[in-house]
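In this note's numbering, the protein residues as written are 63 to 219.
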């Protein structure tokens, strides 16, 4: 069984994170086929060719079960049309800091203006050097879950 241990942070105002980017951004479009609290089923298209289907279980603390499978790009595009709520559109960037990879999501569309950093850890108690561009932690704030952003977009807050 796959397990995801992830912490989520807002970014401090300003663009202090942009100069340390190691990769160009990748445009991501994703939607949810199921938004049940106990499980979400997400379809994601990354860039022009990559696509996957992800099932995530109930989040407890910063941990949840996660299963992810590559699927044909054309199938993913068809599934996006079947999704609940609006689609999440964002550009994802990667920054390696002190041996950990931080994923920076710059949201577009209904969530324009939202900047979130996520880092996957080996355990919930794992400590790490906090980059100076990280702001407040929002790991346990459900407003920032992507599955909730499709129902209650950032622009409506």
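We put the CB at the ideal spot given by N, CA and C, even for glycine.
Status (buried if at least 16 other CB within 10 Å, exposed otherwise) for residue i
| i | result |
| --- | --- |
| residue 219 | exposed |
| residue 158 | exposed |
| residue 192 | exposed |
| residue 163 | exposed |
| residue 77 | exposed |
| residue 98 | exposed |
| residue 155 | buried |
| residue 169 | buried |
| residue 217 | exposed |
| residue 220 | With the chain running from 63 to 219 in the structure shown, residue 220 is simply not present. |
Residue i in three-state terms, based on DSSP
| i | result |
| --- | --- |
| residue 106 | strand |
| residue 146 | strand |
| residue 213 | coil |
| residue 196 | strand |
| residue 135 | helix |
| residue 172 | helix |
| residue 179 | strand |
Residue span of the beta strand (DSSP E) that contains residue i, given as start and end
| i | result |
| --- | --- |
| residue 113 | 112-119 |
| residue 183 | Unbroken run through residue 183: none, as it is neither H nor E. |
| residue 100 | Neither: residue 100 is in no beta strand (DSSP E) and is coded neither H nor E. |
| residue 72 | 65-73 |
Presumed contact (8 Å Cβ cut-off) between residue i and residue j, rounded CB distance
| i | j | result |
| --- | --- | --- |
| residue 152 | residue 167 | 5 Å |
| residue 147 | residue 213 | 5 Å |
| residue 82 | residue 95 | Not a contact, Cβ separation roughly 35 Å. |
| residue 64 | residue 165 | At roughly 17 Å, the Cβ-Cβ gap does not stay under 8 Å, so residue 64 and residue 165 are not in contact. |
Just checking, does the region 164-182 make contact with the region 104-124 on the three C-beta pairs under 8 Å criterion? no
Stretch-stretch touch, CB-based, cutoff 8 Å, three pairs: the region 76-90 with the region 129-149: no
At least 3 beta-carbon pairs within less than 8 Å: the region 112-120 vs the region 177-197: no
Indicate whether the contact test is met: 3 or more Cβ pairs, each with one atom in the region 66-74 and one in the region 199-209, closer than 8 Å. yes
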